[in-house]
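Trainee:
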Amino acid sequence: MARNDALPVRLGQPLRLAWNAPSLPHLSRIQIRLDIAHHGGNKTGEILCDVDDTGTFDVPAPLIDALINLGLAGAPSVIVSRTSSVPLPSHPSVGFVVSSRVERAVDTGVITCFDNAACPEDQICDRQRIICINK
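As numbered in the numbering used here, residues 2 to 136 make up the sequence shown, in order.
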């Protein structure tokens, strides 16, 4: 996954993820963790997926909708991890495992804040959820 702008997370839309597929995709798996309320005080939910390492995956819109409807908080992110595993020829019950991960910010339409200075004039920082809210 390229490290560019925050990925949009919106009602009614899947979250499209893309990465460089390996030459031997059967040796690896992709784990996805979408958390849009990590700093929300009462943790509301997250989406966890374990998928084939094909280079793309769309987190389905109905799952996104259900997660958004649980509530939003500041510093939302998605973590995509690749885990590759191969058995050792001399010991088939022992595996060699390599993993890597990338964390990207997601844009849920709210502004993350730690104080009122980060918020527009007509908003204040809700320090429990670390998002700007209307005054």
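All residues carry an ideal CB built from backbone N, CA and C; glycine is no exception.
Just curious, the alpha helix (DSSP H) that LEU64 is in, first and last residue?
Mentor: 62-71
Trainee: Extract the residue ranges of the alpha helix (DSSP H) inside the stretch 47-134, only unbroken runs of 4 or more that lie entirely within it.
Mentor: 62-71
Trainee: Give me whichever residues DSSP pairs with LEU8 in a beta bridge.
Mentor: VAL107
Trainee: Is the CB-CB distance between ASP59 and ARG17 below 8 angstroms?
Mentor: yes
Trainee: Contact check, THR84 vs GLN32 under 8 angstroms by CB: the rounded distance?
Mentor: Confirmed, about 7 angstroms.
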